[in-house]
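Here the structure is laid out as structure tokens; the discussion comes afterwards.
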Amino acid sequence: KQEVTQIPAALSVPEGENLVLNCSFTDSAIYNLQWFRQDPGKGLTSLLLIQSSQREQTSGRLNASLDKSSGRSTLYIAASQPGDSATYLCAVRSNYGGSQGNLIFGKGTKLSVKP
Amino acid sequence: GAVVSQHPSWVICKSGTSVKIECRSLDFQATTMFWYRQFPKQSLMLMATSNEGSKATYEQGVEKDKFLINHASLTLSTLTVTSAHPEDSSFYICSARDSFIPLWDQYFGPGTRLLVL
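These protein sequence lines are chains A and B, in that order. Numbering follows this note's numbering, with no gaps: position 16 of the first sequence is 16. Numbering follows this note's numbering, with no gaps: position 5 of the second sequence is 5.
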């Protein structure tokens, strides 16, 4: 059974810092991996999606890497801003026939960027 | 981008009553819809998957007679929590996928927070 773990659970940094969020998964048979942002009481916004054959994806100040063999992904946020404060969720899409296409989520990392 | 809405955003009810949550895809046809539940500081957990016009497929441990899902049209799915109890209090999020967009693209609604007293 696929399990997704995110470390740390919470992170508080001063504005301007570069930071790394970690995600690990137990089963490397994934279709892809996705990073989401969730604001309090809100739904999810997709940030980056990495296909199983890819190593990284970049969007603006965000860079996500994927090491499928070791079951790890990192989300790098450059020059953090207060507006980046949110919960960041990592999710993997399983590759198994019965559940192909279903997303399995980690518990998230709650990020607070202080001005 | 594709938009998914949910209604209501907040609901408080008494134990034993039933609550219906609506999920709508506003600008695309949602051939598949997903219902997730999120407890505080926990992961989003998939409850069920529904294809338009078909019965929903429930994940292990989710009672289909308690969480009734109807996906009668390409733009609307409903989740009814029957005989709600305090332990059903949670954040319910729906997600929708269109068969014409890449398989991995899912759009999420803003969620509905349910509090059962």
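Just so you know, even glycine gets a beta-carbon here, dropped at the ideal spot from N, CA and C. On a predicted model such as this, the values are computed, not experimentally measured, just so you know.
Within chain B, the C-beta atoms nearer than 9 Å to that of residue 102/A come from 34, 46, 49 and 59, in chain order. Interface flag for residue 107/A against chain B is set, since a Cβ pair is found closer than 8 Å. Assigned with DSSP and collapsed to three states, residue 17/A falls in coil, not helix or strand.
Distance from residue 24/B to residue 5/B at the Cβ level is roughly 5 Å; contact confirmed, criterion being Cβ atoms closer than 8 Å. DSSP places residue 56/A within a strand segment (E or B) once states are collapsed to three. Just measuring C-alpha positions, the residue of 22/B, 35/B and 15/B sitting nearest residue 117/B is 15/B. Distance from residue 78/B to residue 21/B at the Cβ level is roughly 7 Å; contact confirmed, criterion being Cβ atoms closer than 8 Å.
Listed as beta-bridge partners of residue 97/B by DSSP are 32/B.
Excluding five sequence positions before and after residue 110/A, the CB atoms of its chain that fall closer than 6 Å to its own CB belong to 10 and 87, given in chain order.
Beyond the five residues adjoining it in sequence on each side, residue 102/A comes within less than 8 Å, by CB distance, of 93 and 94 in the same chain, given in chain order. For residue 35/B, the closest alpha carbon among the candidates 59/B, 19/B and 28/B is that of 59/B. Close to residue 60/A, with beta-carbon spacing below 9 Å, lies no residue of chain B; the smallest spacing is near 16 Å. Shown here, residue 22/B sits in a strand according to DSSP, grouped into three states. Contact between the stretch 12–22 of chain A and the stretch 40–57 of chain A is not established, with fewer than three Cβ pairs separated by less than 8 Å. Contacts with chain B (Cβ-Cβ distance below 7 Å) from the stretch 7–28 of chain A involve no residue at all. For residue 41/A, the residues of chain B that pass the 9 Å Cβ criterion are 9, 10, 91, 110, 111 and 113, in the order they occur in the chain. The closest CA to that of residue 88/B, considering only 47/B, 3/B and 110/B, is found on 47/B. Here the alpha carbons of residue 61/A and residue 39/B stand approximately 30 Å from one another.
Proximity to residue 37/A across 46/A, 105/A and 6/A peaks at 46/A, based on C-alpha coordinates. Secondary structure of residue 67/A (DSSP, three-state): strand. Just so you know, the alpha carbons of residue 4/A and residue 42/B end up roughly 11 Å apart.
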